[in-house]
Each structure stands twice: as structure tokens, then as C-alpha cells.
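Chains as they are written, first to last, in our numbering: chain A, 1 to 492; chain B, 1001 to 1486.
Where a beta carbon is used, it is the ideal one built from N, C-alpha and C, also for glycine.
This report concerns only the one structure given below.
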Amino acid sequence: MERPASVFVNNMDYEAVIGLEVHAELLTASKMFCGCSAEFGAPPNQNTCPVCLGLPGALPVLNRRAVEFAVRLGLATQCEVRLFSRWARKNYFYPDLPKGYQISQYELPICVGGWVTLSGEEGEKRIRLARIHMEEDTGKNIHDPLNDVSLVDFNRSGVPLLEIVSEPDMRTPQEAGAYLRKLRQILQYLEVCDGNMEEGSFRCDANVSVRPLGSEKFGTKVEIKNMNSFRHVERAIEFEVGRQLRALEEGEPIVQETRLWDPEREVTRSMRTKEYAHDYRYFPEPDLPPVRLDREWVEAIRQSLPELPDARCLRFVREYNLPTYDAEVLTSRRDLADYFEAVVACGVTPKVASNWVMGDILRAVRERGLDRDLRIQQWPVEAESLAQLIQLIERGTISGKIAKTVFERMIATNQPPEEIVQREGLVQITDENALLSEIHQVLADNPDKVAEFRSGKEKLFGFFVGQVMKRTGGKANPQKLNELLRAALQSG
Amino acid sequence: MSEIVWRPLADVSKELDAGRISAVELTTEILRHIDATESRVRSFLTLTPEAALKDAREADRRRAGGERSPLLGIPIAVKDVILTKGVRTTAASKILENFLAPYDATVIRRLREAGAVFLGKLNCDEFAMGSSTENSAFGPTYNPWNLKRVPGGSSGGSAAAVAAGQCYAALGTDTGGSIRQPAACCGIVGVKPSYGRVSRYGLIAYASSFDQIGPMARTVADCALLLEVIAGRDPCDATSAPHPVPRYSAELERPLRGLRVGLPRECLGEGVQAEVREAVCSALRWFEGEGVSVVETALPHLRYAIPTYYLVATAEASSNLARYDGVRFGLRLGEEEGLMTMYGRTRACGFGPEVKRRIMLGTYALSAGYYDAYYLRALKVRTLVRRDFEAAFDRADLVVMPTAPTTAFPLGAKTGDPLEMYLSDIFTIAANLAGLPALSLPCGFDQEGLPIGLQLVGRPFAEGQLLAVAHAYEQSHPWKDQHPSL
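Written out as C-alpha cells, the structure is:
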């Protein structure tokens, strides 16, 4: 992509080999194996019960909705959705893991294969998926250094997760970033995950190695954890590739290990080497029967899938004649694309609608903080109202400039644009006599400027326009004003 | 009046219905009998007399309101691996010594709804791991028939309490024979239901793919009354079966004629006490006299049952017992020295030697590099054992075996030799591997006056048939009318 995919070290071209493991928290109302709310942000340990606290005697019961979400993502990424998959226990001790094991999938995950398509300047590239499997999230350890205690919040314990494991198909940090953004976009379109990296509902670990260009063999891979934003992922991989290349240059071995990204210092540091790697002792979960899916059920889910971002982007270009850039921005989020289409549905020219949505609407959303969890919680104005406003311009009732004022008023008062225009007397002055009388007054007030203009200082035209606008409170129809003013200046 | 403690549950229920005794009087009588016998038997870990009397008053109120139910006002007790809300539930382990159960197991909820009176929690081997109740962290229970003998295990407290007249019925759990073997040792009836027949929600897990809760009582009919209350699909247990629950107690009278009973040829050979062999053969002769045909069957993989069980069950146990880490409940030691010390010391001091042995066995069986050779191979043998039974059920309607190779052994006789102890379960474990229903009922006494158990194993969900066959045998034999003298 933007950077060369290979680097020259020791007389050889090297390339990076990157695979990503993504954990996506599902937007189900309840947890994976109990009825507790899966919502983020409740007071500590409020959303808990014997099951997600791992109390003696408690047993898991599967949330079918989580399975449906896994199937949705599998179908949207061209995976093979397995009609028979199995649960497994992943055993390890940690205070945030209440049962001492995590219920996950191991040998028979629900989805295998599939891919995500990236489009760049050099065309399309497929990043293959090894597997998608379901598992439960852990709680969260909170360390309080002041009181020297550690606390555990189990609200997140048992929240459904999808683990999406890519093949090592990425070659640059930018490609890894593009893959992540694409995956998140698909998850958001499917309404399966909100994709919020900062809140941890969309998490990513990277496996990074380097190898001589053209080599089929993989180098020793290093796992990187603790990357909490897209930027961190790209920076961490970039650092790690550099570190490995420097090691090669200096003839040092690359150790298979897990490294943590330190965002303050922008370096990765060793966390544990393979000798200390866990033996998770996976075995089939005896408390849950295998997941058996109905072929018709899977087909019904396939039928109910929404139009996905790539398809929608292409359609926007084709159907609305939008530039690719506009189509990409508008389809970057499902809610934004829906909003745009609602404006167009009211009869607005698509490119005009696109300009407003990409410009004023998104600016207002950002300025007012109306987006949270990467969703637009509230639009500054309804799509229908925006369409009405645009139509007032197209009919010549108000100028484009006045429209910006009306737009601000609409946001503030939540009133329809016509009402604002009428009440505040913002209707454009198009009447020639009215305009001419204002023009003559301005020319009469500024005889020296008129003389300068007539002797060739044409830049002064703008000054006269400004004076008339000032007298009319900005309501003069700009085209008409231009026309009449030029005639008046020239005819003198 | 004290004779009432020995009467069958079903009879006592009629007395209550007739108003000849109240639940409060009955409970008071039972509590008095426990008081008189408990210092010798030691079957209870926790006695809850106040709660029991409160349950009894409530039962009397319900009966006065016209409600009729066989368990309404009947004093029962529960193995201490089953959660009872607000009551200490220890699994006979130091690690849960002060654990107050925050919720009721599904079986407890169902029994409460049926009006049962809960006397308290019964001793067992720690986390149900053992065959003699000597692995309890709180001391052994003694066999009411001979106080120098073990009551069997792991549900030894349940078996001893029922045999000693301390309750009309008890709940036990059976992972590898833990209901049937103590039932045999104590001369009572114990039923291990088909896997999935009874909800495991609220049962402290030992080996999840084996564990089943079941009834223990002095008669087959009493077991039927309990089973029909506790059985059935539970939305809280994904492994509970949707099969409808028959009214077992109403279907006990069935003709035996024409039935085919299979006798596995592996069951009466070496290692089986002569009197046990003779008692089982005598029972089979009685069945033949009733028009039942006895056919020889084979369980060729029976000899692998114990090693198979000790790989799969311990593997599951090693994972199930990971939650006792000192973080959220139960014992916590060494926290001031950091997390690793806390884990280590809590578990080192909290678990007894047999529990540690099984955690280590199971951890090893699941370890990288050993999984295929141990755990996976054991799963395959488990399938072979299941097929052995399927083949046997092609020729027979049920299979008859001794419950245990010997009668109750002396305390301390096998504690130094775990393998010897494991062999006590040689005939019971196969039914757990195959998930089949099985039942033990008394079929005689040895020369020392110790009870002998007869085991019936049925097809999946054929509990009704097993109960009916056992009931027919019981009706013609006097064993249930004999009681230990305490």
C-alpha cells in the first residue's frame, strides 16, 4: 500500500508476515451462558449471578442469539458455517476467570475459512480467515496501588465474544489497519458488535514475523498484545517489524514470545516466552451439548443479512452517480448511509445531499458529540428536514449562505426550515427594483470607490457586493445581485 | 411411637394424610432419634433442626389447607454436595467449610415445592471422591450395621442416615457408584438415574459427564416417590433430558413373566466375595421362578472401566475444581504473599489427599503431549463400554450384577491403597460410563450380618422398569424389614 512492503537487510529483501486475532464483544442483551445483562458500564459486579461468578453447582445455558450473531458474521465473510460445532474448556488460573476455565471452542469452531476483501490503489486483496469461534469474556482485574489491593469486576464475565482469526496474509502495518477497519465495519453493519476499541468491545492481538521476500517458510512469530486503538495496532506492528529486522541485521535470534505494546514509549516489551507458555488443557465442555444448527435456520439468517458495505458503496456510485470518495465516506457506517438515502428519498439531488451529509451534518455530529459507541445516537436534524432545507435553496427561496444560518437555527430549535425562514424573514430578495434601489444607494454613498472600480480596480466588486448584503441582511439573491450590480457599475 | 422412624415413607405419608400424626410431631420424633444415634453413626455434617421444624409447620399448614402430596411433611436429608440456600454446603471439604449456599439446587427447589422437611446435610467423601466416606475432611461416618465398618461412599452419610432411621429418604449423588455402593453397604435402596434424568444445577460438580443425583431410601417405592419429584428437564441444566417423567410410584406393579435378565459372565468371578456371589445367584433363581429368563451376556470391556473412569472423571474434576482458588468464596490463605502463594496455599491446605491425587491425575491426562494417549483413548473405551451394554440389551431387558464385590469393609482397611479402594466400584462404574440407569437393592446378609446389594442396570430412561422389577423382588423378600440395632 503506501509503504514498500519489503525492506532491504543483509543484502536481502525482507517482508513482514502479519496475522490478527480479533475479539469482538457481541451486542446481545444477555450474557453467553446466563440471563445477566451484557451491557457495558454498570456499577461493579451488578450484572452477575451464580453462573457468571462461577459459583459451585452453577451450569451454563447457551444464548441462541450469540450463535445467530456468529452465523451472521460467518455468512458475511464467506465462511463455511458448521452445522455441528463443539464447546471446549480452556483451563488456566487467573482472578478474572471465575471458573478457572473459559468456555470456548477449540477443535470444531462454528465457522472456518472465509475472507475479508481490502480495496486499495493496487486493486483488491483478500485476507483469508482461519476460523471464527464463540467464547465467553472474562471479568476485569482492577489494581488499586494506593490501597495495595486488587479487585475484580465480573460484569464482563460471560459476555459473548467472537474470536476472529485471520491467516497470516497481511504484509504491512497499514494493511493490518485496513483489515481491522474493514472487519469492524462489517461487524457494525451486521449489528453484531459496536466495534469500540477504547471500551474494549473490539480487541486485537497481532502475530508478527519477518522472512526473506519470496520465501515460503515463516519466520519465528511474536505475539503482540495491549493495543487499544487502530493507531496503536499500526504503530506496534511497525515497531515490531523494525525490531525483528534490526535483530536479523545484528545476527540476533528472534525468540517466540508474547510482547506487550507500551503506548507511552511506543515500544513492545517481552511479557512471556514460550517456555512459560500456558498448557490450556483444552477438552470438550461436558456441561454443554454440541451446537447443532438447522440448515434452514442458517439460510434464514443468510436471507436476513443487510446489504454489506462493499456492495452498498458500489451501488451508491452506480445508482446515485457519486464519486467513489463520497460513496466510501457515506457507506463507512450503516447509519450514515441510511441517513443519506433517507435524504435522497425525499427528492434531493444525490450529490447535493452527499455534500450536506458529509459536510454540515457530520460536522454538527462531531461538534455536538452526538455519536457514541461509534453509532450516531441522535441526528442534528431529521433527514426530512434536511431535505426540506435543501429544497428551499433549490427553489431559490433562500440562498446557500442563509441556509447555513437556517441549519444552525434548525439544530437549536428543532423547527422545520420553512417556519424559521418565514418567522425570521430570511426569504431571499429577488425583486429587481428592491435590489436596484439598494445598489444605487451603495454607489451613491461610495463615489470614490465607484471611480476606482471604473478606472480598472475590479477587485472592488466584492466590496460593493458586501455593502449590499450588509444593507439587506444577507438576503439578497447573490446571482441577481451580481448581475444587477455589474450592469449598474458598467452603465455609469 | 419411636417405631415410626423405621416405617417406609409411603406409609408415614398416609399417617400424615389421615391426621394420625402431624409433620411437626414426626419431625420432632426423627430429631430425637437422630440425637440418640448420631454420636455413633455420624452421618450429618450440618443439622438444621429449627429450619426442619419450620418446614414441618409449613407442611402442616399446607395439609390443613387441603393439599396432598406424598412428600408433604416428610423429613429427608441431603448429601452435602448439593446446594441448599442459606445452609452451609461443604462438599465435606475444608475449602468450603464455611460456604453458605446462596441458592437452592433445582432438586432442592422441587422437593421444597413438594413439601419435604429438610433435616440437614449429610457426610460424604470430599467432593464425592471416594468409596468409604473416609475421605471426608470432617471425619468418617460409621456403618449402622457394624460401627467398625465403613458405610461405603461417597454417599456414605446418606446411606447410613437412611439405614439408621435418621430420615425417610436422602439424596445422594453417583459419579462412579457413589449411590449404589453405599446403598449396598448399608442395606438400603439407591437409584442412579440415567445421565440427564435429574438436573445437576446446584450440584457441586465432580465429573460433569457422569454426575447424577438420585434417591436413597429403605424401599423401592420410596425411591420412586422421590425420583418422580426430582426428575425432569431443567432449563438451568443444558444436559438435562426432555423425556417426560412417568409417575414411577404408580407404575411399580408390573408382571415379571417374559422378562429377560442378562448376567454378564465377568461379574461372578475372582475377587467377588462368596456370599455376595451366592446372594446374587439366589436372587436370579428367584427371578427364574417368576418366569424371567436369565441369559448370559458379556461386558468384555468391563475390565477397562476403572482405568477409563479414572482418566475421564479426573480430567473433568481437575477443571471443575479450579474454581476453588480463594478469590471469590471459600477458604483463602496466603493472600498477603501474592497471588501465586494464595492459590498454592489455599488449595494445598483446602483439599485433602484424594482430591489432590485426582486433580493431579486429571491434569496429567489432559496435558499437551498426553491428551491423545490418555484422555482421548479413554473416551474411545467409554464408547466401547457403552456398546457392550447396547449389545447386552439386544439379548436382555436389563442386566443384573452384584453392586459391590464385597460387603462393607472395616474402616482403615483400604485407605493406604487407593487402587484397592477404586476396585470397590468395579461393577458400578460401567453404568456411569454408559450413562445408564442403575439401582441397588438389598438381597441378603453375609455371615457377619452385613447387607449385600443386588444391582440392576437398565436401558436409557428405563428407570420405571428397574423400579418395578426391584419392587417385585423386594415384595417377596424380608430384607427391608430388618433394621440395624443401634
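Just list the residues that DSSP pairs residue i with in beta bridges.
i         : result
Asn495/A  : There is no way to answer for residue 495/A, as the model of chain A reaches only from 1 to 492.
Gly139/A  : Gly139/A pairs with nothing; no bridge assigned.
Ser30/A   : Ser37/A
Ala1077/B : Ala1170/B
Gly1190/B : Met1216/B and Ser1440/B
Ala88/A   : Ser104/A and Pro284/A
Ser270/A  : Arg259/A
His133/A  : Glu163/A
Is residue i close to chain B, meaning its C-beta is less than 7 Å from at least one C-beta of that chain?
i        : result
Asp279/A : yes
Phe69/A  : no
Phe93/A  : yes
Asp287/A : yes
Lys99/A  : yes
Arg334/A : no
Val495/A : With chain A represented from 1 up to 492, any question about residue 495/A goes unanswered, as that position is not in the structure.
Phe283/A : yes
Gly139/A : no
Gly54/A  : yes
Is the beta carbon of residue i less than 7 Å from the beta carbon of residue j?
i         : j         : result
Leu1456/B : Leu1436/B : no
Leu1072/B : Ala1059/B : yes
Cys1186/B : Pro1242/B : no
Ala58/A   : Val51/A   : yes
Pro1402/B : Val1312/B : no
Ala353/A  : Val343/A  : yes
Pro160/A  : Thr28/A   : yes
Leu362/A  : Ala206/A  : no
Gly177/A  : Glu250/A  : no
Ala1091/B : Phe1127/B : yes
Gln1010/B : Asp1222/B : As written in the sequence, residue 1010/B is Ala, which differs from the Gln given in the question. Their beta carbons are under 7 Å apart, which means Ala1010/B touches Asp1222/B by this criterion.
His133/A  : Glu107/A  : no
Glu285/A  : Ile110/A  : no
Arg333/A  : Phe84/A   : no
Arg89/A   : Phe283/A  : yes
Ile224/A  : Arg184/A  : no
Arg1358/B : Thr1314/B : yes
Excluding the 5 residues preceding and the 5 following residue i in the sequence, name in chain order all residues of the same chain whose CB lies nearer than 7 Å to its CB.
i         : result
Phe1393/B : Arg1459
Leu187/A  : Ala24, Leu73, Cys193 and Gly195
Glu384/A  : Cys346
Ala1137/B : Ala1092, Ser1093, Lys1094, Glu1126 and Gly1352
Compare the C-beta of residue i with all C-beta atoms of chain A and state if any pair is closer than 7 Å.
i         : result
Ala1322/B : yes
Ser1209/B : yes
Leu1311/B : no
Val1107/B : no
Ala1373/B : no
Tyr1142/B : no
Tyr1195/B : no
Ser1367/B : yes
Leu1398/B : no
Taking all protein chains shown into account, do 16 or more other C-beta atoms lie within 10 angstroms of the C-beta of residue i, making it buried, or fewer, making it exposed?
i         : result
Arg1331/B : The amino acid at residue 1331/B is misidentified as Arg; the sequence shows Leu. So Leu1331/B ends up on the buried side.
Leu1302/B : buried
Lys457/A  : exposed
Lys1014/B : exposed
Arg1218/B : buried
Met1001/B : Low local confidence applies: a pLDDT of 43 at Met1001/B is under 50, so the model's placement there is unreliable, with the coordinate-based value given in what follows. Classification of Met1001/B: exposed, given that the 10 Å Cβ count is below 16.
Leu26/A   : buried
Gln467/A  : buried
Spatial neighbours of residue i within its chain, please: CB distance less than 6 Å, with the 5 preceding and 5 following residues excluded, ordered by chain position.
i         : result
Ile1230/B : Val1107, Arg1110 and Val1198
Gly1157/B : Ser1043, Leu1122, Asn1123, Cys1124 and Thr1141
Ser399/A  : Gln428 and Pro478
Gly81/A   : One detail in the question is off: residue 81/A reads as Val in this sequence, not Gly. Here the set comprises Val71, Gly74, Cys111 and Val298.
Got a sec? Which residues, its chain only, sit under 8 Å from residue i by beta carbon, not counting five neighbours each side?
i         : result
Cys1281/B : Leu1268
Ser37/A   : Ala29, Ser30, Lys31 and Asn47
Asp310/A  : Thr117 and Ser119
Leu1100/B : Gly1086, Val1087, Arg1088 and Thr1089
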